[in-house]
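Dropping the structure here:
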């Protein structure tokens with residue numbers, strides 16, 4: 065395993081260096097500084113903003129949901145995660161449509177409305193799943209002697 | 019400070035944040051990265067081949083599939099990357115923060131890996147919306163960062179290999195899940211905050227783990243299913259969020275660059291237009307009527323964009339090799355194709371002999387049984403099997419056989 069690790073780390077470092085060379089060869093200094101700023105901003109945005117917010121929301125949900133069975137909380141959390149990820153992907157697209165594109169076949173739809181409908185559909189599916197769980201639990205408890 | 023970091027780390031610990039989970043999600047993310055890298059390199063070398071590189075024009079749908087997979091796998095990376103970072107987030111607060119030069123290097127390599135991966139996926143996604151809110155060249159930086167991401171992945175696997183091996187199978191991982199406990203109760207504000215956190219009910223590990231995996235899985239399925247219809251026809255009915263839609267555009271086909279954007283509306287509609295074909299000392303000019311009088315071929319070929327969307331259409335026109343024959347060049351001569359565009363990175367493209375000799379590589383004049391729309395390259399465009407859309411030059415002006 066020691067040799068495998070050494071080879072992976074050495075090869076990886078070489079490929080990173082190749083990336084740096086390609087970047088330096090094709091971009092001006094201000095552009096390279098821009099890339100650096102984007103890399104740093106991405107780390108700060110995730111580790112300093114997004115992750116603490118997710119942790120805080122998770123904590124609040126767990127505390128306010130003490131009287132609810134964990135399974136319903138999990139269903140709600142799954143729905144929130146799916147909705148949040150889709151929103152994260154679609155918001156830049158909505159921004160692209162507001163800027164406008166002279167080509168009418170790029171971003172041709174009203175993505176904001178579609179996103180809103182997606183949340184409505186997600187809420188409906190979540191409610192149905194919770195209802196199904198509740199009904200199956202009731203049936204199971206009736207069968208028990 | 020050390021106490022705060024330690025307690026933060028424990029507060030963040032949940033049954034879904036285990037090394038086993040990091041390995042499970044990491045495997046999927048690593049596979050997605052490798053798929054994106056391989057398909058991305060293929061797309062890059064199709065556009066900028068190294069000397070001696072030759073590609074196969076068949077199957078004609080090959081580029082459509084590789085680039086569709088590239089963009090779809092890239093979109094799938096969004097929930098995977100977030101899930102992976104969620105699973106390892108407590109590691110950010112390990113104590114002590116840095117244990118020595120090697121540990122500092124390891125943490126720095128992870129920071130580079132995380133930053134490069136997030137930026138690579140984000141700019142790739144936003145590029146498909148044709149929005150460029152950054153101060154650098156997209157194509158160049160996306161290409162360079164791909165090496166940084168894959169190199170960092172290799173370093174990361176190298177560093178974590180013992181952990182990866184230990185948690186690779188479920189059985190080996192089961193005995194190893196341990197949760198740290200703080201030594202003494204914290205005082206002051208820190209103590210109050212963490213007591214409040216500690217009082218939150220802990221869920222059963224199984225429900226928590228399954229819930230987390232379901233959330234990541236459902237998000238991947240969601241983003242892929244609702245966008246991949248732009249590349250894969252089967253998913254077209256549920257294409258709700260992709261920036262392109264099959265059948266949407268002039269002649270029911272999307273456009274990547276309009277005639278107005280390319281500033282060719284006047285020159286393309288000029289009645290005096292002629293396609294100039296040159297081989298050495300021989301030059302011939304063909305009007306559109308003359309091209310239509312030559313033997314016509316009809317081919318079902320996809321148009322597949324680097325941005326991931328693709329659609330198959332019926333093209334009719336003169337095979338390039340027929341035109342090469344007209345000027346006395348060999349059928350597999352490499353050619354340079356020039357557009358009426360006066361500027362732009364793709365106003366001129368090179369085509370290797372493997373494409374110019376293919377019977378379905380056409381100077382297309384008609385699309386779906388009607389004259390080519392101005393937006394699709396009227397009076398004539400190139401359509402070749404298995405080439406990126408940016409190389410399917412529109413509004414043709416010249417075809418020159420490259421000097422031997």
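Chains as they are written, first to last, in the working numbering: chain A, 65 to 209; chain B, 19 to 422.
Even for Gly, the Cβ is constructed at its ideal location relative to N, Cα and C.
A quick note: this is a predicted structure, and the numbers were derived from the prediction, not measured.
DSSP has residue i in a bridge; who is on the other side?
i: residue 382 of chain B; result: B/335, B/399
i: residue 353 of chain B; result: B/369, B/419
i: residue 329 of chain B; result: B/321
i: residue 297 of chain B; result: B/300
i: residue 406 of chain B; result: B/322
i: residue 347 of chain B; result: Answer is none; residue 347 of chain B lacks a bridge partner.
i: residue 414 of chain B; result: B/357
i: residue 315 of chain B; result: B/335
i: residue 254 of chain B; result: According to DSSP, which records beta bridges pairwise, residue 254 of chain B is partnered with nothing at all.
i: residue 388 of chain B; result: B/385
Would you mind telling me which residues of chain A sit closer than 7 Å to residue i, beta carbon to beta carbon, in chain order?
i: residue 161 of chain B; result: 86
i: residue 221 of chain B; result: 134
i: residue 232 of chain B; result: 142
i: residue 273 of chain B; result: 167, 169
i: residue 276 of chain B; result: 166, 167
i: residue 359 of chain B; result: By Cβ distance, chain A contributes nothing, its closest Cβ being about 15 Å from residue 359 of chain B, past 7 Å.
i: residue 490 of chain B; result: Lying before the first or after the last residue shown, residue 490 of chain B is absent from chain B, which here runs from 19 to 422.
i: residue 324 of chain B; result: Under the 7 Å cutoff, chain A gives no residues; its nearest Cβ is about 13 Å from residue 324 of chain B.
i: residue 97 of chain B; result: 149
i: residue 422 of chain B; result: Under the 7 Å cutoff, chain A gives no residues; its nearest Cβ is about 30 Å from residue 422 of chain B.
i: residue 158 of chain B; result: 90, 91
Assuming the contact rule is C-beta atoms closer than 8 Å, residue i and residue j should be a hit. Round their C-beta distance to whole Å, please.
i: residue 414 of chain B; j: residue 244 of chain B; result: In fact, because the Cβ distance is near 37 Å, the residues do not count as touching under 8 Å.
i: residue 345 of chain B; j: residue 411 of chain B; result: Going by Cβ atoms, the distance from residue 345 of chain B to residue 411 of chain B rounds to 18 Å, so no, they are not a contact pair.
i: residue 340 of chain B; j: residue 313 of chain B; result: 6 Å
i: residue 161 of chain B; j: residue 86 of chain A; result: 6 Å
i: residue 333 of chain B; j: residue 401 of chain B; result: 5 Å
i: residue 83 of chain A; j: residue 163 of chain B; result: 7 Å
i: residue 172 of chain B; j: residue 75 of chain A; result: 5 Å
i: residue 26 of chain B; j: residue 111 of chain B; result: 5 Å
i: residue 352 of chain B; j: residue 368 of chain B; result: 7 Å
i: residue 158 of chain A; j: residue 136 of chain A; result: The pair is not a contact, with the Cβ atoms about 31 Å apart (cut-off 8 Å).
i: residue 378 of chain B; j: residue 134 of chain A; result: That pair is no contact at about 59 Å.
i: residue 324 of chain B; j: residue 85 of chain B; result: 6 Å
i: residue 381 of chain B; j: residue 338 of chain B; result: 6 Å
i: residue 383 of chain B; j: residue 398 of chain B; result: 6 Å
Name, please, each residue of chain B whose Cβ falls closer than 9 Å to the Cβ of residue i.
i: residue 199 of chain A; result: Simply none; closest approach about 19 Å.
i: residue 130 of chain A; result: 218, 219
i: residue 231 of chain A; result: As shown, chain A starts at 65 and ends at 209. That puts residue 231 of chain A outside it, with no answer to give.
Could you tell me which chain B residues have their CB closer than 7 Å to the CB of residue i, listed as they occur along the chain?
i: residue 154 of chain A; result: 259
i: residue 69 of chain A; result: 176, 179
i: residue 160 of chain A; result: 147, 148, 149
i: residue 127 of chain A; result: 218
i: residue 178 of chain A; result: 258, 259
i: residue 191 of chain A; result: What residue 191 of chain A touches in chain B: nothing, since even the nearest Cβ is about 16 Å away.
i: residue 138 of chain A; result: 225, 229
i: residue 145 of chain A; result: 233, 237
Could you tell me which chain A residues have their CB closer than 9 Å to the CB of residue i, listed as they occur along the chain?
i: residue 263 of chain B; result: 169, 172, 173
i: residue 437 of chain B; result: Nothing about residue 437 of chain B can be reported from this structure: the residues present for chain B run from 19 to 422 only.
i: residue 169 of chain B; result: 75, 76, 77, 78, 79, 80, 81, 82, 83
i: residue 53 of chain B; result: Result: empty, since nearest Cβ-Cβ is about 17 Å, beyond 9 Å.
Which residues in chain A sit within 8 Å of residue i, going by Cβ to Cβ distance?
i: residue 279 of chain B; result: 166, 167
i: residue 445 of chain B; result: Since the displayed chain B opens at 19 and closes at 422, residue 445 of chain B lies outside it and no answer follows.
i: residue 93 of chain B; result: 153
Whose Cβ in chain B lies nearer than 8 Å to the Cβ of residue i?
i: residue 203 of chain A; result: Within chain B, no residue comes near residue 203 of chain A; the closest Cβ sits about 20 Å away, beyond 8 Å.
i: residue 106 of chain A; result: 132, 133, 136, 137, 140
i: residue 150 of chain A; result: 237, 240, 241, 244, 259
i: residue 72 of chain A; result: 172, 173, 175, 176, 179
Do three or more CB pairs link the stretch 83-92 of chain B to the stretch 234-250 of chain B at distances below 8 Å?
These segments touch.
Could you tell me whether the stretch 184-199 of chain A touches the stretch 175-184 of chain B, where touching means 3 or more Cβ pairs closer than 8 Å?
Judged by Cβ distances under 8 Å, the stretch 184-199 of chain A makes no contact with the stretch 175-184 of chain B, as fewer than three pairs qualify.
The stretch 100-109 of chain A / the stretch 209-224 of chain B touching (three or more Cβ pairs under 8 Å)
no
Do the stretch 121-128 of chain B and the stretch 20-40 of chain B touch if we need at least three Cβ pairs shorter than 8 Å?
no
In chain order, which continuous runs of the alpha helix (DSSP H) of length 4 or greater are located wholly inside the stretch 212-249 of chain B?
223-243
At least 3 beta-carbon pairs within less than 8 Å: the stretch 177-195 of chain A vs the stretch 74-81 of chain B
no
Validate contact between the stretch 307-322 of chain B and the stretch 256-268 of chain B using beta carbons, cut 8 Å, 3 pairs:
no
Unbroken stretches of the beta strand (DSSP E), 3 residues or longer, contained in the stretch 96-164 of chain A:
Secondary structure remark: continuous beta strand (DSSP E) runs of at least 3 residues inside the stretch 96-164 of chain A: none found.
Report yes or no: do the stretch 135-145 of chain A and the stretch 222-240 of chain B share at least 3 C-beta pairs separated by less than 8 Å?
yes
Are there three or more Cβ pairs, one per stretch, closer than 8 Å when the stretch 47-58 of chain B is compared with the stretch 106-120 of chain B?
As far as the Cβ criterion goes, the stretch 47-58 of chain B does not touch the stretch 106-120 of chain B, which means the pair count is below three.
Evaluate contact between the stretch 96-108 of chain B and the stretch 35-52 of chain B, counting only Cβ atoms and requiring at least three cross-stretch pairs below 8 Å.
yes
Does the stretch 275-291 of chain B come close enough to the stretch 349-361 of chain B that 3 or more CB-CB pairs lie under 8 Å?
yes
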